[in-house]
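Quick look at the structure:
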């Protein structure tokens with residue numbers, strides 16, 4: 017019978033992976049099963065060792081302005097940060113997150129550090145707005161929004177960006193969350209998320225460690241019409257299904273670089289691509305022969321946006337960061353380096369747009385996280 021990687025095997029792998037990433041800020045140490053606060057604190061500790069912001073000083077000189085940015089991997093590369101610092105004569109401290117749960121923990125924890133700007137998907141933006149954690153944006157200070165594609169300028173039409181007539185977020189990048197597969201092991205593209213459960217791939221599947229997305233994509237796979245608003249019965253059925261998925265898993269991943277290392281070193285066959293096209297780009301650059309597919313039942317998709325926190329110490333500087341992120345040269349780097357779509361240029365491939373399901377607020381975040389913690393910790397189906 018196949019077993020997931022043991023704790024010792026995982027520890028050795030992660031230590032090796034950490035050494036390979038020691039020159040960068042992206043550590044693969046932050047693996048569940050643990051709470052989002054654990055991962056968030058761990059990411060901050062990693063930043064203290066490696067220097068979050070890809071080389072930006074962790075502490076500014078006395079009297080120097082500092083912009084504290086909370087973002088995802090690939091959104092603030094070293095040269096991008098350095099150019100902003102030089103233009104505005106400030107220091108930028110970038111803290112990276114590896115999941116929505118870690119992002120929430122950093123933003124909402126009792127002793128959470130203070131951030132000025134954050135990148136989050138539309139469902140999370142709504143959550144933060146309702147929790148009074150975000151400040152409304154002055155669009156007159158964001159002239160580069162006029163360079164965005166028309167659909168991203170129509171902020172009222174994008175759920176979660178506005179509240180009571182005020183704008184709280186600006187679209188930045190997006191991707192579907194489809195299936196990534198090894199073409200050598202799977203010569204014919206899989207057509208359903210249900211292939212993740214195919215016993216043929218026992219020990220060769222990777223899954224992203226997130227309560228919200230796992231329940232939602234499994235709901236799609238089971239044909240549930242409302243993947244973000246599940247009944248108690250549906251939640252229980254999905255929990256059983258996710259317990260069953262453990263039989264096929266090599267392990268769970270959090271960061272895209274970590275998934276790439278797992279995929280290549282352990283000859284993974286199939287993966288739920290939480291970071292979508294960004295992961296495909298990383299894998300191909302690493303020499304993997306992979307394909308990417310949107311399943312017939314549809315794939316989740318996220319739209320990440322920039323927002324300013326209510327605690328921002330210098331809102332004009334925070335607005336300058338968002339406007340800078342929308343400069344054509346900066347936005348284009350998302351596509352060139354990360355394989356992600358940006359909001360200024362039309363995507364090349366539109367063939368699967370009809371099968372995209374944009375993520376939305378879920379029925380009970382806490383309940384999903386409680387069930388997920390039990391799933392990844394090894395609880396049996398009959399315990400649900």
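Numbering (the working numbering), first residue to last: 17 to 400.
For each residue, glycine too, the CB sits at the ideal point set by N, CA and C.
Buried versus exposed, by CB contacts within 10 Å (16 or more), residue i
{"i": "residue 290", "result": "buried"}
{"i": "residue 358", "result": "buried"}
{"i": "residue 125", "result": "exposed"}
{"i": "residue 229", "result": "buried"}
{"i": "residue 402", "result": "Only positions 17 to 400 of the chain appear in this structure, which leaves residue 402 out of reach."}
{"i": "residue 6", "result": "Because the chain here runs from 17 to 400, residue 6 falls outside it and cannot be looked at."}
{"i": "residue 143", "result": "buried"}
{"i": "residue 232", "result": "buried"}
{"i": "residue 215", "result": "exposed"}
{"i": "residue 92", "result": "buried"}
{"i": "residue 69", "result": "Confidence is the limiting factor: at residue 69 the pLDDT is only 39, short of 50, which leaves the residue's position unreliable, though a coordinate-based value still follows. By the 10 Å Cβ count, residue 69 comes out buried."}
{"i": "residue 57", "result": "Because the pLDDT of residue 57 is 40, which lies under 50, any placement of that residue in the model is unreliable, and the number read from its coordinates should be weighed accordingly. By the 10 Å Cβ count, residue 57 comes out buried."}
{"i": "residue 95", "result": "exposed"}
{"i": "residue 249", "result": "exposed"}
{"i": "residue 277", "result": "buried"}
{"i": "residue 80", "result": "exposed"}
{"i": "residue 41", "result": "Bear in mind that a pLDDT of 35 at residue 41, under 50, signals an unreliable position, so the number given afterwards is only what the model happens to contain. By the 10 Å Cβ count, residue 41 comes out buried."}
{"i": "residue 162", "result": "exposed"}
{"i": "residue 273", "result": "buried"}
{"i": "residue 392", "result": "buried"}
{"i": "residue 89", "result": "buried"}
{"i": "residue 65", "result": "Confidence is the limiting factor: at residue 65 the pLDDT is only 33, short of 50, which leaves the residue's position unreliable and the question unanswerable from this model."}
{"i": "residue 314", "result": "buried"}
{"i": "residue 294", "result": "buried"}
{"i": "residue 102", "result": "exposed"}
{"i": "residue 301", "result": "exposed"}
{"i": "residue 44", "result": "Note on residue 44: pLDDT 34, under 50, position unreliable in the model; the coordinate value appears next. With 16 or more other Cβ atoms within 10 Å, it is buried."}
Chain-order list of residues whose beta-carbon lies under 8 Å from that of residue i (same chain, five-residue window excluded)
{"i": "residue 172", "result": "178"}
{"i": "residue 141", "result": "150, 176, 177, 184, 185, 321, 323"}
{"i": "residue 335", "result": "153, 154, 157, 158, 324"}
{"i": "residue 264", "result": "18, 212, 213, 214, 215, 217, 218, 219, 220, 221"}
{"i": "residue 451", "result": "Because the chain is modelled from 17 through 400, residue 451 falls outside the range shown and cannot be assessed."}
For residue i, the residue or residues it bridges with in DSSP
{"i": "residue 224", "result": "269"}
{"i": "residue 109", "result": "84"}
{"i": "residue 288", "result": "195"}
{"i": "residue 320", "result": "137, 189"}
{"i": "residue 374", "result": "317"}
{"i": "residue 145", "result": "Paired residue(s): none; residue 145 is not in a bridge."}
{"i": "residue 182", "result": "179"}
{"i": "residue 161", "result": "Per DSSP, none; premise fails for residue 161."}
{"i": "residue 325", "result": "150"}
{"i": "residue 358", "result": "189"}
Beta-carbon proximity list for residue i, same chain, < 7 Å, skipping 5 on both sides
{"i": "residue 99", "result": "none"}
{"i": "residue 201", "result": "285"}
{"i": "residue 329", "result": "132"}
{"i": "residue 275", "result": "222, 269, 287, 295"}
Start and end residues, beta strand (DSSP E) containing residue i
{"i": "residue 188", "result": "186-193"}
{"i": "residue 306", "result": "306-309"}
Contacting residues, own chain, Cβ-Cβ under 6 Å from residue i (five flanking each side not counted)
{"i": "residue 182", "result": "152"}
{"i": "residue 164", "result": "359, 360"}
{"i": "residue 227", "result": "384, 385, 388"}
{"i": "residue 220", "result": "284, 285"}
{"i": "residue 408", "result": "Since the displayed the chain opens at 17 and closes at 400, residue 408 lies outside it and no answer follows."}
{"i": "residue 61", "result": "Caution is warranted here: a pLDDT of 40 is assigned to residue 61, below 50, making its placement in the model unreliable, and the coordinate value is therefore given only provisionally. So no residue of the chain qualifies."}
{"i": "residue 210", "result": "237"}
{"i": "residue 282", "result": "266"}
{"i": "residue 397", "result": "256, 259"}
{"i": "residue 307", "result": "197, 199, 205"}
{"i": "residue 395", "result": "none"}
{"i": "residue 106", "result": "81, 83"}
{"i": "residue 327", "result": "130"}
Span of the alpha helix (DSSP H) around residue i
{"i": "residue 260", "result": "248-261"}
{"i": "residue 345", "result": "344-354"}
{"i": "residue 104", "result": "94-104"}
{"i": "residue 341", "result": "331-341"}
{"i": "residue 202", "result": "Neither: residue 202 is in no alpha helix (DSSP H) and is coded neither H nor E."}
{"i": "residue 298", "result": "293-301"}
{"i": "residue 381", "result": "381-393"}
{"i": "residue 398", "result": "Taken as a continuous stretch (DSSP letters only), residue 398 belongs to no alpha helix (DSSP H), as it is neither H nor E."}
{"i": "residue 169", "result": "166-169"}
{"i": "residue 211", "result": "Note, residue 211: premise wrong, no alpha helix (DSSP H); not H, not E."}
{"i": "residue 242", "result": "Residue 242 -> no alpha helix (DSSP H), and no H or E assigned at all."}
{"i": "residue 116", "result": "116-124"}
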